[in-house]
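For the sequence shown, the numbering used here gives the first residue as 352, with consecutive numbering after it.
Report on the structure given below.
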Amino acid sequence: MPDLSKRDKLLYHTINNIDLTIAHTDKRYELPGSFDTLAVEKLTGDLSIKLNYIEAGSIDLTKHKTISLKPYGKFDCFYYTNTAQSGAAVILQVGGDTSFEVSVTDPQKDIIVGLQTGQASTAAWADMLTAQYIGDAEKLTVFLTETGGVNGVTFRISASMLGVVYQVLNAGIPVAANGSGYAVLSDHWRYLKIEVIDTIAASHGTANAGIYKLRA
């Protein structure tokens, strides 16, 4: 019979051995003690858990980064479900009887607008991201690509503080067919607009753009 009084005194524990490359459905994970808080330190795939009981409600960890049962109870196991995801990884921290907080370094946090695809370029400027709110980010990278074209395309980047009147920051960023390019923005803009034009009519493929925060 395990000494539960000693197990309950464990203040924190790191979980880094869940294999997301294999699909699981309600697989039980036994913890080395009783805890009241769970935090997601890193998650690059999908994962949901049920605390204590397989009949409990499922919690999506891509949406909930911290879960606490204080002051109502504790958990000593959970059941997890995930799809098979090549290259995905997860690190969880569990704690008990103490203040507990994890500083998340998940690179997904750096994405403001992920890669936007499916915008066919035309003979005139066409909006890709119109009045896209980006908040107060001080430094951004705009990543640009073209796929499936015979010739390249040209991008134009404009910005605004209020989302009404836009100032052109870069009037022409050429990207070769099936190539890529980028621009770095370092001012405190709140809205961003990206437009694209075909450099040679009827030769375009698909233009793509993404907006990302730069790490300090």
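Cβ atoms here follow ideal geometry from the backbone N, Cα and C, with glycine treated the same way.
Quiz item: Closest by CA to G499, which one among N559, A522, D538, I524?
Solution: N559
Quiz item: Can you name the start and end residues of the beta strand (DSSP E) that S377 belongs to?
Solution: The amino acid at residue 377 is misidentified as Ser; the sequence shows Asp. Looking at the DSSP string, the run of the beta strand (DSSP E) that includes D377 is 375-386.
- [ ] Could you check if L513 is buried or exposed, using at least 16 other CB atoms within 10 Å of its CB as the buried criterion?
- [x] exposed
**OP:** Could you work out which residue in N368, V519, Y517 is closest to I442 when comparing CA atoms only?
**Re:** N368
inquiry  = Considering only their Cβ atoms, is the gap separating Q444 from L371 smaller than 7 Å?
reply    = no
With distance defined between alpha-carbon atoms, name the residue in A528, Y363, N502, L520 nearest to A534.
Nearest C-alpha to A534 among A528, Y363, N502, L520: L520.
Exercise. Quickly, what does DSSP pair P422 with across the bridge? List them, please.
Key: DSSP lists no partner for P422.
Whole-number beta carbon distance between I508 and V526, since they are thought to touch under 8 Å:
Actually they are not in contact, since the Cβ atoms of V526 and I508 sit about 12 Å apart, beyond 8 Å.
message: Going by DSSP, what residue range makes up the beta strand (DSSP E) through E497?
response: 491-498
* Starting from K401, follow its DSSP beta bridges and name the residues at the other end. => Y430
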